[in-house]
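In my numbering, the protein residues as written are 1328 to 1697.
Some notes on the structure that comes next.
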């Protein structure tokens, strides 16, 4: 149902685009006719379309066999980064430094989304097993982030416009740093929830879909909402400016490829998010139930708690340790981004005109029409 609605929405968008394409004129057209050159009877453009359709099977295979993703995505990502880097070092100063900014911000955005996307995995499981949900299903809390976006997006938009009029709007690198910092604090808020843990109960699905109640270590819902709030404010600092930044800083001749690299960084981030989520899996140490909870200081002693409850405490302790580590790493990355912000802003050359100066290709045998 969800994928069907998404497909209908994309089809509707394509129809609207087609109906209004005449109003675009030549905007977005290739700068020359190289796309019309034929290879084995097909134009490069048609080969591109065919390759895109053929790649669906490959992507489906990677989804089916997740363990292959690292061996495919990592070298492919390095290849794309290498291509952009080579294009940068062979370009004039302004283009070179702008592309360096894009590459550096690719790293920061990958870190952000790798941590942020815990919302769809470890954070949801954490909510399901160790948060006092007051009877609400864990899936309900997936709507917290979209709700905050709807509420806060107009606020942030007005804030940036107001600061821009006063000449005080933060630069793009500073916005990235602010976003990552808020994400880190959000995870630390989740980690601090351990100080308010209590013996409680949660409702889970039992055999045959029948809901059953079991003992669990639970933390207040307020910490989860607070964490989501900070994650959302961080997202609103970073997310809206990504593609516009790529378009602004990339030479027109390779803008599409650099945008592809931006989306590839998102794919890498989601893959890393899955690997990070694995760290929150219940540890299999063979130790007695409650050992991890005691060792991490979550509880002073096992007391007379049941094995079921102590196991829940161990799982919670593991979540909190990972969330704390993510929080500190994110803050460290944010500090690095803040430190690099003046240099990155300088390299963006915002006062310089757009330029397409890239290494010239070999002259074609026939004159090209521009």
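A virtual CB, placed ideally from N, CA and C, is assigned to each residue, including glycine.
{"query": "Alpha carbon of residue 1522 to alpha carbon of residue 1557, nearest angstrom", "result": "19 Å"}
{"query": "Sheet register partners of residue 1540 (DSSP bridge)", "result": "1530"}
{"query": "Contact set for residue 1499: own chain, Cβ-Cβ below 6 Å, skip 5 residues either direction", "result": "1568 and 1572"}
{"query": "Segment limits, alpha helix (DSSP H) that includes residue 1651", "result": "1634-1675"}
{"query": "Three-state class that DSSP yields for residue 1369 in the structure shown", "result": "strand"}
{"query": "Sub-8 Å separation of residue 1671 and residue 1431 beta-carbons", "result": "yes"}
{"query": "Close Cβ partners of residue 1412 (< 7 Å) along its chain, the five nearest in sequence each way excluded", "result": "1430"}
{"query": "Local conformation of residue 1384 per DSSP, three classes", "result": "helix"}
{"query": "Neighbour-count burial assignment, residue 1346, 16 or more Cβ in a 10 Å radius", "result": "exposed"}
{"query": "Secondary structure of residue 1331, DSSP reduced to three states", "result": "helix"}
{"query": "Stretch-stretch touch, CB-based, cutoff 8 Å, three pairs: the region 1413-1427 with the region 1480-1497", "result": "no"}
{"query": "CA nearest to the CA of residue 1396, picked from 1667, 1596 and 1528", "result": "1596"}
{"query": "N-terminal and C-terminal residue of the alpha helix (DSSP H) that residue 1553 is part of", "result": "1548-1565"}
{"query": "CB of residue 1436 within 8 Å of CB of residue 1576, strictly", "result": "no"}
{"query": "Alpha-carbon to alpha-carbon, residue 1639 and residue 1529", "result": "11 Å"}
{"query": "Classification of residue 1377 by the beta-carbon crowding that lies within 10 angstroms, buried from 16 upward", "result": "exposed"}
{"query": "Where residue 1733 falls: helix, strand or coil (DSSP)", "result": "Since the displayed the chain opens at 1328 and closes at 1697, residue 1733 lies outside it and no answer follows."}
{"query": "Alpha helix (DSSP H) runs contained entirely in the region 1376-1454, provided each spans 4 or more residues", "result": "1396-1416 and 1420-1443"}
{"query": "Among 1666, 1629 and 1337, the one whose alpha carbon lies nearest that of residue 1502", "result": "1666"}
{"query": "Cβ-Cβ distance between residue 1546 and residue 1458 below 8 Å", "result": "yes"}
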